[in-house]
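Oh and the sequence shown: position 146 is 130 in the working numbering, straight run, nothing missing. See structure below.
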Amino acid sequence: MHTIPPLFLVFPFVLLLLLIAIGPIFLEKFWHHHYSKVSVGLGAIVFLYYGFAMDNFTHPLETIGEYISFISLLTILFVASGGIYVFVDIESKPINNILFLLLAAILTNLLGTTGASVLLIKPFMRINRYRLKPYHIVFFIFIVSNLGGLLTPIGDPPLFMGYLKGVPFQWTFIHLLPKWIVGIAGILFVFFLVDRKNTQLDDVDVSAHYTNKIIINGKKNFIWLAIGIISIFIDPNLIDGLPHIAIDGKKISFIREIIQLSAAFFCFKLSNKKALESNEFSFDPIKEVAWLFIGIFLTMIPALQWLEHMAQNPDISSKISVSVAYWFSGAFSSVLDNAPTYLNVFAVVLAKFGFSMDNMNDVKEFLKTDHINFLSALSTGAVFFGAMTYIGNGPNFMVKSIADKAGVKMPSFGDYIFKYSLPYLLPVLVIVWLVFYI
């Protein structure tokens, strides 16, 4: 195990979160021009401290490898989806929005939260083009960028991490489907109430001139989208003999990332230009995500290590119950990357019952016990609570950036939490807890 960093090294992460929250509001001009420098600078502080003060370049280099995997996947999915123009010409009314979001939630399990978010956010915005409000985008983030992806390892990164550790592919669907139904139904019901109120207050006649047709241009990009999704499985931890970089015994992928970035390059060059123009395609959203998340990935290293350190404390692990697993995994997934949070909590749960996450056979044996509700709870918490903040899951910030670029005045980091997450999402998450995990 790596040496635990001093607690003050968590400060750059806290400062970055604070600046993401208040920078666009109180430091608008400065933040717009310098957010990339701030993010990289704070990340560099952590990187250099680990390397020179702790003599540990290994941990930050592993994290950079994880970041490259993260951003290369986002890039191919972003570029491929950006070249697919989907125009759903149906009436903007609550029931149609609900049906669209429900279908999108299902597709999320096949396309991943990132693929579904980038592909479907603009069609959703077009459906509501005469009365588009920020809450439309926020509920899209809740449902498509997060809650929808609970049913397969493709759906959301934490579940894929579990798959790599030995959780069978079909396990999530079999054991998490009831939680998915309650969570999706609950948030769709809340959305219906909010959307119906908006319709009643709307002065625009949104019922006329709809053809009820679906127009799709750039269909060949679905091939590139499929390449991006299938490439997830080109992993040295899944395929023996696959070339990789070994760091401290860990296999760091690079073949997959080369494939993804190459596919993104050729996809953009060969994309339907009319589809790109219709989508008003721009690299600005992916650039913003790339700059901010390099800082987030690096600065959260100390926070994740402290989380792991606390979780391994016998006094803490002995108190881990199903409810605690749900809230513990959920709370930290709101502000930390939900994939490593999932792994840390899963490791603690396995250790609690005498198993090790480093042994796939142990994971499989654990799943034969009566304690699988622990894994269900921490899986649901990691996926669902990723919607609580813009940084809880990668697609959240990307969808926000796309909406900002389209002229939607999206809520700030704090407004997102206090105006939407806490009053609308949290009650649904409490209901899921009361029904399944108390």
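Ideal Cβ placement from N, Cα and C applies to all residues, glycine included.
| Query | Result |
| --- | --- |
| Check whether Ser317 and Ala366 have beta carbons under 7 Å apart | yes |
| Beta-carbon proximity of Met341 to Leu351, cut-off 7 Å | no |
| Sequence-distant residues of its chain with Cβ nearer than 7 Å to Lys336 (five each side left out) | Ser301, Ile304 |
| Local conformation of Tyr119 per DSSP, three classes | helix |
| DSSP-derived helix/strand/coil call for Phe339 | coil |
| Nearest candidate by alpha-carbon position, reference Gly338, set Leu148, Met284, His355, Gly212 | His355 |
| Exposure label - His16; buried when at least 16 CB within 10 Å | exposed |
| Three-state secondary structure (DSSP) of Val412 | helix |
| Anticipated Cβ contact below 8 Å, Leu116 with Val392, distance rounded | 6 Å |
| One or two residues paired with Tyr69 in a DSSP bridge | Asn201 |
| Cβ pair Val412, Gly133 closer than 7 Å | no |
| Close beta carbons around Leu161, own chain, < 7 Å, minus the five adjacent residues each side | Leu135 |
| Backbone CA spacing between Lys271 and Leu94 [nearest angstrom] | 25 Å |
| Neighbourhood of Phe123 by C-beta distance below 6 Å, restricted to the same chain and skipping five residues each side | Phe175 |
| Presumed contact (8 Å Cβ cut-off) between Ser101 and Pro379, rounded CB distance | 4 Å |
| DSSP state of Lys403 mapped onto helix, strand, coil | helix |
| Ala210 versus Trp417: straight-line alpha-carbon distance, rounded | 35 Å |
| Pairwise C-alpha distance: Phe54 and Asn182 | 37 Å |
| Euclidean distance between Cα positions of Asn328 and Phe41 | 21 Å |
| Three-state secondary structure (DSSP) of Ala390 | coil |
| Secondary structure, alpha helix (DSSP H): runs of 4+ residues fully inside the segment 217 to 275 | 239 to 254, 257 to 262 |
| Unbroken alpha helix (DSSP H) run spanning Lys21, endpoints | 12 to 32 |
| Endpoints, the alpha helix (DSSP H) within which Ala37 is located | Taken as a continuous stretch (DSSP letters only), Ala37 belongs to no alpha helix (DSSP H), as it is neither H nor E. |
| Secondary structure of Leu320, DSSP reduced to three states | coil |
| Nearest neighbour of Leu291, chosen from Leu362, Ser307, Ser313, Trp275 [CA to CA] | Ser313 |
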